[in-house]
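Beneath this line is the structure, given in structure tokens, with notes to follow.
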């Protein structure tokens, strides 16, 4: 059974600082997703990582995937207040009937302070 | 394209009442899923479908029924609502063609059972 764990669950950052959110998953997965969620809103897709060593960057966010360690990271560079949100990682498998199924981490609540 | 739509946005039920949460997508996606989101637990898969007429259970299926008679619609039925079903419900859709493996989420339905 696929399990996904994120840490930290709560992250309070100062503006301008860097930090990393970690996402560990328990069994083989060939898709790793990162989502952002603002309060009362739906999930906004940030990244989809499909292969070992994949790295994707968008603005101040960079995500990477190490399938051998079963670990993905979301690195935040020079945080700004607008990045305050809840961030989720989710893992899944592309094969056959598993395609529509994702297993989510608990979420990391990020607050960026001036 | 409207993407993934969900109705209603908000609903309050009394214990024992039944209702149907609607989900529709206009992207001709094969795969559709229902998730519930509870504080501190991320999203958990309730049911999913790999095409019209084909559904399967996810992690937390008890108390919910689904059917998929068309590609576009994937309603979620609560048979006899319980306070433990108070949650935010998200519908998602995806397709297997192409290489993005993107999952598209609806805006959510916030359900309170008293």
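Protein chains in written order, with my numbering: chain A, 418 to 531; chain B, 146 to 259. Heads up, the beta-carbon is just placed ideally off N, CA and C, and yes, glycines get one too.
Test: residue 206 of chain B CB closer than 8 Å to a CB of chain A: Answer no: the Cβ-Cβ gap between residue 206 of chain B and chain A never drops below 8 Å.
Contact check, residue 146 of chain B vs residue 164 of chain B, beta carbons under 8 Å: Taking C-beta atoms as the reference points, residue 146 of chain B and residue 164 of chain B fail to come closer than 8 Å.
Residue 502 of chain A: first and last residue of the uninterrupted beta strand (DSSP E) it sits in: It spans 502-509 - the beta strand (DSSP E) in which residue 502 of chain A sits, taken as one unbroken run.
Near-chain B residues of the stretch 448-477 of chain A (beta-carbon distance less than 9 Å), N- to C-terminal order: For the stretch 448-477 of chain A, the beta-carbon criterion of a distance under 9 Å to any beta-carbon of chain B is satisfied by 448, 450, 452, 454, 457, 458, 459, 460, 461, 462, 465, 467.
As assigned by DSSP and simplified to three states, the class of residue 183 of chain B: Three-state DSSP puts residue 183 of chain B in coil, outside helix and strand.
Contacts of residue 193 of chain B in chain A (Cβ-Cβ under 8 Å): Residues of chain A passing the Cβ test: 517, 518.
Inside the stretch 444-470 of chain A only - beta strand (DSSP E) runs reaching at least 3 residues: You should have 448-454, 460-466.
First and last residue of the uninterrupted beta strand (DSSP E) at residue 441 of chain A: Per DSSP, the continuous beta strand (DSSP E) segment holding residue 441 of chain A begins and ends at 436-442.
Continuous beta strand (DSSP E) stretch holding residue 151 of chain B: start and end: It spans 149-152 - the beta strand (DSSP E) in which residue 151 of chain B sits, taken as one unbroken run.
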